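Trainee: Residue numbers (the UniProt record's numbering): 1 to 454.
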Amino acid sequence: MSEDFRVYQTDTGRAKIANALVYGQPVEITHMAVGDGGGADIVPDTAMTALVRETYRSAIETLEVDANNPAWVTIQMVIPSTVGGWYVREVGLFDAAGDLIAIARYPSSYKPVVEEGAAKDMTIKLVLEVSNSAAITLIADTSVIVATRPWVLSQLPGPATTEVRGIVELATSAECAAGTDTERAVTPSGLSAALDARMDDLTLPVWTVSGLDLSPAAGAETVAVTISPGWCMAALGDRAPLTLETPLTKRMDAGWSAGNGAGGLDAGAVAAGTRYAVWLITDTGGALDALISTDFAAPTAPAGWTARRRVGTLVTDGAGGLRPWVQWGSRVEWEPADWDVAVSVAAGADAVADLPVPPLPGTLVAMDLDVSPDSGLHENVGVMARPNDSTTRGVTIAIDAGSSGLFGSLDGIAASGDLTLSDGTVSLSHTLATDPATVRVRCQGFTDPRDRGI
Numbered sequence: 001m002s003e004d005f006r007v008y009q010t011d012t013g014r015a016k017i018a019n020a021l022v023y024g025q026p027v028e029i030t031h032m033a034v035g036d037g038g039g040a041d042i043v044p045d046t047a048m049t050a051l052v053r054e055t056y057r058s059a060i061e062t063l064e065v066d067a068n069n070p071a072w073v074t075i076q077m078v079i080p081s082t083v084g085g086w087y088v089r090e091v092g093l094f095d096a097a098g099d100l101i102a103i104a105r106y107p108s109s110y111k112p113v114v115e116e117g118a119a120k121d122m123t124i125k126l127v128l129e130v131s132n133s134a135a136i137t138l139i140a141d142t143s144v145i146v147a148t149r150p151w152v153l154s155q156l157p158g159p160a161t162t163e164v165r166g167i168v169e170l171a172t173s174a175e176c177a178a179g180t181d182t183e184r185a186v187t188p189s190g191l192s193a194a195l196d197a198r199m200d201d202l203t204l205p206v207w208t209v210s211g212l213d214l215s216p217a218a219g220a221e222t223v224a225v226t227i228s229p230g231w232c233m234a235a236l237g238d239r240a241p242l243t244l245e246t247p248l249t250k251r252m253d254a255g256w257s258a259g260n261g262a263g264g265l266d267a268g269a270v271a272a273g274t275r276y277a278v279w280l281i282t283d284t285g286g287a288l289d290a291l292i293s294t295d296f297a298a299p300t301a302p303a304g305w306t307a308r309r310r311v312g313t314l315v316t317d318g319a320g321g322l323r324p325w326v327q328w329g330s331r332v333e334w335e336p337a338d339w340d341v342a343v344s345v346a347a348g349a350d351a352v353a354d355l356p357v358p359p360l361p362g363t364l365v366a367m368d369l370d371v372s373p374d375s376g377l378h379e380n381v382g383v384m385a386r387p388n389d390s391t392t393r394g395v396t397i398a399i400d401a402g403s404s405g406l407f408g409s410l411d412g413i414a415a416s417g418d419l420t421l422s423d424g425t426v427s428l429s430h431t432l433a434t435d436p437a438t439v440r441v442r443c444q445g446f447t448d449p450r451d452r453g454i
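Take a look at the structure:
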């Protein structure tokens, strides 16, 4: 004859469930208890109001309606490993009022404790059959709920897609760099690896530059320059990207040596009133440094290093210190200064003035002009400033007093404008006057052609 381990509603439980169906007040099952049956298997009796010998009681953790049979209610409790030392032979369900709602015989199972040399959690699960599961409700103590493996697996979503939320597996840096996986998610470090991999394969125009602005070094403004972080494409040699991760400071008053704050001059001593190019250089291992040189085309780099890209221009004043400046992008502006050059120009002749700007084609200079006729008479004075290049002499800044001879104070600005130069010099043509004149030029600033890879 087969064993009978079915769950039976007690007389009290049957009455309460029937009442719940009539009045719509569900029976609140809150606890489950186990007992050892007084040392023997029990025969469930619907008249029972308590277990034969209760050994453990706890709040239930789950109550679920069976998916295939809505009249079956599955109720579960977990006995922790910290209690035991007795057999489980009987199980009862209790409501919030403490009444025994259902009783069942349980297959005799010993619940050990650690002191006996073994320990385990024991899950007790009962299936209670009711005519309407709505008559039963669960009052669970969340502090004792333990999720079973099947329940956890049933709650897990599937893999995430572009339309459905779900479980996401993270891609490795190698998978991110490969860029072929369509299922794994990208991490910040993986994205960085992917971008680095693309940058290694990327060939950008040689004029590409970002950051790398020059500024006077803090605390050493007249003798040192700081290059801001940034990147560019090399203009000499291959077209590899060059990246400066942190600010780099180089000194004008010391010969070149590697490292931040070290000397940067390629040769000799710093000279007064001189233009200097600032170059990024690399060694055979790919390390990045900077070199300061008067050579704007192809400077001689230190042994083991190679000049790769000019990133800016420095100018020294009459005392050999760095002329104060402000740079953003390729635009450089000087602090207000006196006239940069004063050139005597004969009547009807030309003169060339060397300006404190990069001696490179495409340098756009913002300048002021002033003319002082040697005779002191302004009548019929005319001066044109234009690039010192016969092929581009059409672009000019002109001063023409005409017959009135009026253009303000001798110390004032007679004309201002922007001029694109070819070699860092400007041609001054003294046209209408019959007497020589002194032409003064002041540079307000310039746009460095470094963005053109020059």
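For each residue, glycine too, the CB sits at the ideal point set by N, CA and C.
Values in this document were obtained by computation on a predicted structure and should not be read as measured data.
Output yes or no for whether 7 Å exceeds the beta carbon distance between Val186 and Cys176.
Mentor: If you number the sequence shown from 1, residue 186 lands on position 186. If you number the sequence shown from 1, residue 176 lands on position 176. It is a contact, given that the beta carbons lie within the stated cut-off.
Trainee: Would you report the Cα separation of Thr365 and Val357, rounded to the nearest angstrom?
Mentor: Here residue 365 refers to the residue found at position 365 of the sequence shown. Here residue 357 refers to the residue found at position 357 of the sequence shown. Contrary to the premise, residue 365 reads as Val rather than Thr in this sequence. Roughly 8 Å separates the two Cα atoms.
Trainee: Quick check on the DSSP output: the beta strand (DSSP E) that includes Lys250 runs from which residue to which?
Mentor: One-based indexing of the sequence shown puts residue 250 at position 250. Run containing Lys250: Leu248 to Gly255, per the beta strand (DSSP E) assignment.
Trainee: Which partner residues of Ala185 appear in the DSSP bridge assignment?
Mentor: Translated into the one-based positions of the sequence shown, residue 185 becomes position 185. The partner list for Ala185 (beta bridge, DSSP) reads Leu170.
Trainee: For the beta strand (DSSP E) holding Ile281, just list the boundary residues, first then last.
Mentor: Mapped onto the sequence shown, residue 281 falls at position 281. Unbroken beta strand (DSSP E) run through Ile281: Arg275 to Asp283.
Trainee: Can you find the residues in the same chain that come closer than 6 Å, C-beta to C-beta, to Ser330, ignoring five residues on each side of it along the sequence?
Mentor: In the sequence shown, residue 330 corresponds to position 330, counting from 1. So the list reads Thr447, Asp448, Arg450 and Asp451, once near-sequence residues are dropped.
Trainee: If you draw a straight line from the C-alpha of Arg308 to the C-alpha of Thr282, how long is it?
Mentor: What you label residue 308 is simply residue 308 of the sequence shown in a count that begins at 1. What you label residue 282 is simply residue 282 of the sequence shown in a count that begins at 1. Roughly 7 Å separates the two Cα atoms.
Trainee: Could you name each continuous beta strand (DSSP E) segment of 3 residues or more that falls completely within the UniProt domain "Phage tail fibre protein N-terminal" (1-149), going from the start of the chain to the end?
Mentor: The qualifying runs are 7-9, 27-35, 54-59, 62-65, 72-79, 86-95, 100-111, 122-129 and 136-138.
Trainee: Does DSSP put Pro449 in a helix, in a strand, or in coil?
Mentor: To locate residue 449, count along the sequence shown from 1; it is residue 449. Three-state DSSP puts Pro449 in a helix.
Trainee: Do you know how far the Cα of Asn388 is from the Cα of Ala298?
Mentor: Here residue 298 refers to the residue found at position 298 of the sequence shown. Here residue 388 refers to the residue found at position 388 of the sequence shown. Straight-line Cα distance between these residues: approximately 23 Å.
Trainee: Can at least three beta-carbon pairs, one atom from the region 85-104 and one from the region 115-128, be found at a separation below 8 Å?
Mentor: They touch, by the three-pair rule.
Trainee: Under 8 Å by Cβ, that's how I've got Leu428 and Val439 pegged, so tell me the actual separation to the nearest angstrom.
Mentor: Along the sequence shown, read from residue 1 onward, the residue named residue 428 stands at position 428. Along the sequence shown, read from residue 1 onward, the residue named residue 439 stands at position 439. Contact flag correct, Cβ pair sits at about 5 Å.
Trainee: Which value, in whole angstroms, describes the spacing of the CA atoms of Ile29 and Ile75?
Mentor: Residue numbering aside, residue 29 sits at position 29 when the sequence shown is read from its first letter. Residue numbering aside, residue 75 sits at position 75 when the sequence shown is read from its first letter. So the alpha carbons of these two residues sit roughly 9 Å apart.
Trainee: Return the chain-ordered ranges of every beta strand (DSSP E) run that is complete within the region 194-229 and spans a minimum of 3 residues.
Mentor: Taking only runs of at least 3 residues, the beta strand (DSSP E) segments lying wholly in the region 194-229 are 209-211, 214-216 and 224-227.
Trainee: Could you give the uninterrupted runs of the beta strand (DSSP E) lying entirely in the region 352-376, keeping only those of 3 residues or more?
Mentor: Listed in chain order, the complete beta strand (DSSP E) runs (minimum 3 residues) inside the region 352-376 are 363-373.
Trainee: How close, in whole Å, do the beta carbons of Ser58 and Val88 come, if the pair is a contact with beta carbons under 8 Å?
Mentor: As a position in the sequence shown, residue 58 is number 58, starting the count at 1. As a position in the sequence shown, residue 88 is number 88, starting the count at 1. Not quite, the Cβ-Cβ distance comes to about 13 Å (not below 8 Å), so this is no contact.
Trainee: Mind checking whether Thr10 and Ile124 have CB atoms under 7 Å apart?
Mentor: The residue given as residue 10 occupies position 10 in the sequence shown. The residue given as residue 124 occupies position 124 in the sequence shown. No, Cβ-Cβ distance for Thr10 and Ile124 is not below 7 Å.
Trainee: Starting from Asp289, trace the beta strand (DSSP E) both ways and give me its first and last residue.
Mentor: Within the sequence shown, the letter at position 289 stands for residue 289. Unbroken beta strand (DSSP E) run through Asp289: Leu288 to Ser293.
Trainee: For Met252, which residues from the same chain have a beta carbon less than 8 Å from its beta carbon, with the 5 sequence-adjacent residues on both sides left out?
Mentor: The residue given as residue 252 occupies position 252 in the sequence shown. The residues are Val223, Ala224, Val225, Gly264, Leu265, Val270, Tyr276, Ile292, Leu314, Thr316 and Leu322.
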